[in-house]
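The numbering of the sequence shown is the numbering used here, which starts it at 1 and goes up by one.
Heads up, the beta-carbon is just placed ideally off N, CA and C, and yes, glycines get one too.
Only one structure is covered here, and it is reproduced in the block below.
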Amino acid sequence: MKCKLCPLFLLLLTLCCNVFAQEKKDSANAAAPDTATGKTVFSIIFGKYPKHREGVYVTHGGDGPLLSFASMKENGEHLRNIPRFTLFLNVGSNFNKDFSKNFGVFTGINIKNIGLISKPTDSLKLKQRVYTLGVPLGIKIGDVTSGSFFFFAGGEIDLAVNYKEKQFVDGDKVHKFNEWFSDRTPLLMPSFFAGFRINPGFGLKVQYYPQNFFNKDFKTKDKDGNSVYPYKNLEANMMFVTLNYNFSGIDYFKVKKKRHYMKMKNGKAEFEVNY
């Protein structure tokens, strides 16, 4: 079915990739209170590694540009496919915990655009992709304190949110559609990943999906009303490589106590508020 991006998906996107920059200076007439100043910077590619390491800290980035590859077979025979490159939309946020200067763990939430391009015949080309909402769980080993160089690895569970398919005949687009929470792919898509990061924010990640991209049990109707299983004999295992994956972009600044004063002047009372 055809469907535009729903408000819920836009809200999730806003929560993942919306960051702000804030800096507050004391007034020249204020009476030397404690101050809370923070500055956050969002960068998919570059950025300073967070300076604050105590407790859990948040970083932003995501998968950036994705180059996808697939091993595809139909009825046991190799199916021609083409590497797929995409820039939009791959963003995310991570929650990090460093236990020492050489070891840390992370989880988070990521939005990814993953898919395949195949050519069943010389004239027919199919582009099939799915937007996913993923939760990774991984470890970091190396110089995780300064972020100059470390390896990371782990696993991720993706929730398939929106499926889209385009069909081309002799280079002309003849049909397209998209479905929310489609049965054409598995609802949950597990994967494994590994990569490294180098200061000041450059990195590389490889991610592999061992599960079939398509749901073999998916059933639809042909023009005569007969039940057909379009993916019954189709196997597709996907992996992708992404550059500029990083754990940079935002300092998780501490909120310190700040006091507001009102002085006793001209008979007015003095009071103090802490937060």
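No residue range can be given for D224, since it is assigned to no beta strand (DSSP E) and is classified by DSSP as neither H nor E. Here S148 carries a coil assignment [DSSP, helix/strand/coil]. Judged by pairs of C-beta atoms under 8 Å, the stretch 169-182 does not touch the stretch 194-209, as fewer than three such pairs exist. Taken in chain order, the complete beta strand (DSSP E) segments of 3 or more residues contained in the stretch 77-159 are 84-86, 91-100, 103-118, 124-143.
About 5 Å separates the beta carbons of F151 and F196, which is inside the 8 Å limit, making them a contact pair.
Here DSSP, grouped into helix, strand and coil, assigns R184 to coil.
Contact between S123 and R80 is absent: CB atoms are separated by about 12 Å, not below the 8 Å threshold. Classified as buried, S68 has 16 or more neighbouring CB atoms from the shown chains inside 10 Å of its CB. Residue environment analysis places G203 among the buried positions, since at least 16 neighbouring C-beta atoms fall within 10 angstroms of its C-beta. Pairing K166 with L126, the inter-Cα distance amounts to about 6 Å. Beta-bridge pairing by DSSP links Y231 to no other residue. Looking from the CA of I109, the closest CA among F99, F95, K101, D224 belongs to F95.
Taking each of H78, K112, E74 in turn and checking the Cα distance to F88, the smallest one comes out for K112.
Listed in chain order, the non-local C-beta contacts of N75 below 6 Å within the same chain comprise N233, local neighbours out to five positions each way being set aside. In terms of CA proximity to G138, F192 leads the group T121, F192, T145, Y163.
For the pair F218 and I198, the Cα-to-Cα distance works out to about 43 Å.
Annotated three-state conformation of K219 is coil, per DSSP. Between I114 and V130, the C-beta gap is smaller than 8 Å, which places the two residues in contact.
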